[in-house]
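Down below is the structure, laid out as structure tokens.
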């Protein structure tokens, strides 16, 4: 169906731009309340080694980090500014989807407010992680699909191919959305798309954009499969399919007032008939996530579309001015006390008291349930933003005490610790650490040029192999922040090895690296 001039909705409401700016400024106001997140340290470490691929993610996040490092250095603002800007664009894009669904000013504004109020917007677009880009690309792909449906202009298919390829270069999860959309189109009257030349040109564009990472994957033994296997064994095994489904009602908070009506409206609304295939696409995505025991947030890319559909539903259902004013007011008023769930607007101690009250009085413990299924004082993301400066500082203290640094090495047990040294350690002049986790194992010194006689060792416990190798081990310091996920992580200085550390290191490196060579 192609829209006529009379059916084309009015221009995007100016209020949408105001709300988008507010969303941006809200994130900017609290960007430095807590420190770097564990994963942000990893991604900014990737940015120091630009590549067509990494151990657990495609290259987009690393290349973006490389760009920001060269513009703003290793500051927290450098990490957070792109997600913050995207938070404003997400509001505009979501309202634009409402517009493509025949939504006028009220639907656009309601959609925009619901996006701002959603915890997934507050949290995801606060951190420099692939998830914020993923939500953005999902929303962009849905919008471009709707633009093609409404206009039948080939340029939107070409742009769709570009968005799909770029989205895949950020997170492979986009493949689920594309599979859902293609399945839905095949089962709809829009199956004629498969006979269009522009459609196959779009596929070629997507493939060419994604080709560098595809080539890298095959040349490195498909590390994505190793990562997925590890993820399944360590995290996804703890995911309950029932919990995944119930979480969908909670992760959007007050946006549920739009998502559920949006689903029903897309299913049964007469004016939504041209867009009903979108529900089929969503069902395909959800079924695959349930079968694969996906994490709750893997579905977040669906929410802007459903919220926009809900905005259009309420615009067509609410006729009285009072009821039209009451719904957005309800969203705003109820969301204000819930903001700390999505955005750390308070310091760690006050956040802990806030979440304890939420859990004990409202039964909302989901926020402090970690991926292991256990409950803690802070949400996992917040606990992962504490303690890293201590690790970098204590490591620097030890490193400065070494007289001949050519014969020294820093070793970190996990990628967060290694990232703290590699990013936060820049101000102390620390060298790159050795680490077997994530993409750090690609950068390992296989055979140190000098005999290592001093090792700065970072871990929560002292490993037996290191303890038996060195004659002198002295603790430099540890993370004392109690609510940090790394609380207790210590920094040791190990010296006077009983035997050659280099021989020990070469054997250990070969053992770890053999599956990847």
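Numbering (our numbering), first residue to last: 1467 to 1983.
Glycine included, every Cβ here is placed at the ideal spot set by N, Cα and C.
Option in the options with minimal Cα separation from residue i
i, options, result
"residue 1541", "1730, 1867, 1594", "1594"
"residue 1737", "1962, 1854, 1566", "1566"
"residue 1649", "1492, 1751, 1776, 1816", "1751"
"residue 1519", "1678, 1598, 1663", "1678"
"residue 1597", "1620, 1766, 1617", "1766"
"residue 1801", "1740, 1607, 1718", "1718"
"residue 1613", "1680, 1759, 1560, 1642", "1560"
"residue 1995", "1814, 1898, 1862", "Coverage of the chain is limited to positions 1467 through 1983, which leaves residue 1995 absent and any answer about it impossible."
"residue 1806", "1493, 1481, 1486", "1493"
"residue 1739", "1978, 1615, 1832, 1959", "1615"
"residue 1557", "1759, 1769, 1657", "1769"
"residue 1893", "1539, 1605, 1869, 1487", "1539"
"residue 1946", "1854, 1935, 1707", "1854"
"residue 1955", "1961, 1962, 1944", "1944"
"residue 1543", "1513, 1694, 1592", "1592"
"residue 1993", "1973, 1916, 1708, 1965", "Examination of residue 1993 is not possible in this model, given that the chain is present from 1467 through 1983 alone."
"residue 1617", "1668, 1691, 1656", "1656"
"residue 1644", "1611, 1858, 1667", "1611"
"residue 1926", "1547, 1908, 1889, 1857", "1857"
"residue 1652", "1746, 1973, 1935", "1746"
"residue 1967", "1680, 1937, 1953", "1937"
"residue 1915", "1872, 1828, 1688, 1683", "1872"
"residue 1537", "1683, 1662, 1513", "1513"
"residue 1804", "1973, 1720, 1899", "1720"
"residue 1830", "1607, 1712, 1688, 1868", "1712"
"residue 1724", "1683, 1978, 1584", "1584"
"residue 1550", "1620, 1931, 1491", "1491"
"residue 1680", "1973, 1910, 1962, 1521", "1521"
Beta bridge counterpart(s) of residue i as assigned by DSSP
i, result
"residue 1772", "In the DSSP output, where bridge partners are listed per residue, residue 1772 has none listed."
"residue 1940", "1959"
"residue 1922", "1876, 1959"
"residue 1661", "According to DSSP, residue 1661 bridges with nothing at all."
"residue 1835", "1841"
"residue 1900", "1877"
Contacts around residue i, its chain only, beta-carbon distance under 8 angstroms, and the 5 residues preceding and following it disregarded
i, result
"residue 1516", "1525, 1528, 1529, 1532"
"residue 1822", "1843"
"residue 1478", "1558, 1561, 1562, 1565, 1574"
"residue 1631", "1671, 1672, 1673, 1674, 1675, 1676"
"residue 1812", "1499, 1806, 1820"
"residue 1693", "1521, 1522"
6 angstroms Cβ shell around residue i - same chain, five flanking residues per side excluded
i, result
"residue 1851", "1500, 1501, 1503"
"residue 1573", "1564, 1777, 1778, 1781"
"residue 1912", "1975"
"residue 1942", "1860, 1863, 1864, 1957, 1959"
"residue 1534", "1544"
"residue 1965", "none"
"residue 1505", "1595"
"residue 1599", "1636"
"residue 1874", "1868, 1920"
Assumed close pair residue i, residue j - CB separation to whole angstroms, cut-off 8 angstroms
i, j, result
"residue 1634", "residue 1676", "5 angstroms"
"residue 1623", "residue 1673", "Actually they are not in contact, since the Cβ atoms of residue 1623 and residue 1673 sit about 14 angstroms apart, beyond 8 angstroms."
"residue 1896", "residue 1861", "6 angstroms"
"residue 1957", "residue 1922", "7 angstroms"
"residue 1715", "residue 1722", "6 angstroms"
"residue 1553", "residue 1489", "5 angstroms"
"residue 1640", "residue 1604", "7 angstroms"
"residue 1728", "residue 1784", "The pair is not a contact, with the Cβ atoms about 14 angstroms apart (cut-off 8 angstroms)."
"residue 1569", "residue 1774", "7 angstroms"
"residue 1933", "residue 1939", "7 angstroms"
"residue 1654", "residue 1734", "Contact flag wrong, Cβ pair sits at about 16 angstroms."
"residue 1602", "residue 1555", "7 angstroms"
Own chain partners of residue i with C-beta closer than 7 angstroms, once the 5 adjacent residues on each side are dropped
i, result
"residue 1849", "1842, 1949, 1950, 1951"
"residue 1754", "1642"
"residue 1579", "1485, 1794, 1797, 1798"
"residue 1833", "1807, 1821, 1824, 1845"
"residue 2020", "Lying before the first or after the last residue shown, residue 2020 is absent from the chain, which here runs from 1467 to 1983."
"residue 1817", "1806, 1810, 1844, 1848"
"residue 1732", "1738, 1741, 1742, 1744, 1745, 1775"
Test: residue i CB closer than 8 angstroms to a CB of chain C
i, result
"residue 1750", "The chain labelled as chain C is not found in the depicted structure, where only one protein chain is given."
Subject >> the region 1582-1592 in contact with the region 1613-1630 per 3-pair CB rule at 8 angstroms >> reply: The region 1582-1592 vs the region 1613-1630: no contact.
Subject >> contact_flag[the region 1877-1889, the region 1498-1512] where n(CB pairs < 8 angstroms) is 3 or more >> reply: Contact check between the region 1877-1889 and the region 1498-1512: three or more CB pairs, one atom from each, fall below 8 angstroms, which counts as touching.
**OP:** Take every Cβ of the region 1895-1904, pair it with every Cβ of the region 1871-1879, and state whether three or more of those distances are shorter than 8 angstroms.
**Re:** yes
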